[in-house]
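Report on the following structure.
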Amino acid sequence: MGEAGRGYMALYNEWSSDPYSLAAIWKIEEPESFFIERTGLPAPEMKAEKRRMERLAGRFLLKHLKEDFPLLNIQADEHDKPRIDDNQYYFSISHSWPYVAAVVSPYVECGIDIQCWHPRMEALQHKYLSPPEQLLFDNNPKLLTMAWSAKEAAYKWQGRRGVEFADHMIIQKIEQIEDYYNINIFMNLTQPKMQINTQGIVKQDFTCAFVVHNEVFHPFDK
């Protein structure tokens, strides 16, 4: 993952996970008007300024990655997963103030999550990690945050409700490669059950994880 940009002052990182999928991280330093002007979207109907900024910045980042991304066509499906008509693009957005992350793929499902450091992750780990998983991370607060982020990315990729993080998405292996990590997660609600690879990075201010996967599956019996 290389630091890159296209002349914008707050593009933190941009990378490609395969020949077709693009992802980026943006640090919000601009006024709300910056994102409104560049997306052509109205200001979201939210009272909290930070929430409005995060929503606009996420959509701006989609447009940055794919110039023809149809922002006005974003709608939630029956599982509340954001989609666009006919799945012209698959995408995922995440935000943790002041950072926003997005991934876009024209062909396969994807998920991304970004988390700034949270001091309570060690105390909360039992809610999203099974006891064997907790041993993998040895109470390291940054790695515990990355584990949460990896499962969030996998959850967004799967795009279905009714998932228990500690029971249905099991981290089997974590491997560090230079500045980032490969996290193998066993998805036991997908049909067929499968292992997916999530990639994560740990930075001074945050952790970010993403997954891009091309398996066709039916997570739940209808």
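Its first residue numbered 1069, the sequence shown is counted upward by one per residue in the working numbering. Where a beta carbon is used, it is the ideal one built from N, C-alpha and C, also for glycine. Keep in mind it's a predicted model, so treat the numbers as computed, not measured.
| query | Can you name, in chain order, every residue of its own chain whose Cβ lies under 8 Å from the Cβ of Pro1099, other than the five neighbours on each side? | reply | Position 31 of the sequence shown, counted from the start, is the residue given in the question as residue 1099. Correct list: empty, nothing qualifies.
| query | DSSP three-state call for Tyr1088: helix, strand or coil? | reply | As a position in the sequence shown, residue 1088 is number 20, starting the count at 1. Three-state result, Tyr1088: coil.
| Length of the line joining the Cα atoms of Arg1127 and Gln1267 | Reading the sequence shown from its first residue, position 59 is the one you call residue 1127. Reading the sequence shown from its first residue, position 199 is the one you call residue 1267. Cα-Cα distance, rounded: 23 Å.
| query | If you count every other CB in all the chains shown that lies within 10 Å of the CB of Ser1051, and 16 or more means buried, which is it? | reply | Here the chain has residues from 1069 to 1290 only, and residue 1051 is not among them.
| message | Run through the DSSP bridge pairs and tell me what Lys1095 is partnered with. | response | As a working note, residue 1095 is residue 27 in the sequence shown. Note: Lys1095 sits in a beta bridge opposite Tyr1167.
| message | Please report the straight-line C-alpha distance between Glu1122 and Ser1198, rounded to a whole angstrom. | response | As a working mapping, residue 1122 is identified with position 54 in the sequence shown. As a working mapping, residue 1198 is identified with position 130 in the sequence shown. One C-alpha to the other measures close to 31 Å.
| message | I believe Ala1111 touches Lys1095 by the beta-carbon criterion, under 8 Å. Please report the beta-carbon distance rounded to the nearest angstrom. | response | Here residue 1111 refers to the residue found at position 43 of the sequence shown. Here residue 1095 refers to the residue found at position 27 of the sequence shown. Not quite, the Cβ-Cβ distance comes to about 21 Å (not below 8 Å), so this is no contact.
| said: Rounded to whole angstroms, what is the Cα-Cα separation between Gln1183 and Asp1154? | reply: By 1-based counting over the sequence shown, the position of residue 1183 is 115. By 1-based counting over the sequence shown, the position of residue 1154 is 86. C-alpha separation (whole angstroms): 30 Å.
| task | Tell me, please, whether the stretch 1134-1149 touches the stretch 1245-1254 by the rule of three or more beta-carbon pairs shorter than 8 Å. | result | Contact check between the stretch 1134-1149 and the stretch 1245-1254: fewer than three CB pairs, one atom from each, fall below 8 Å, which does not count as touching.
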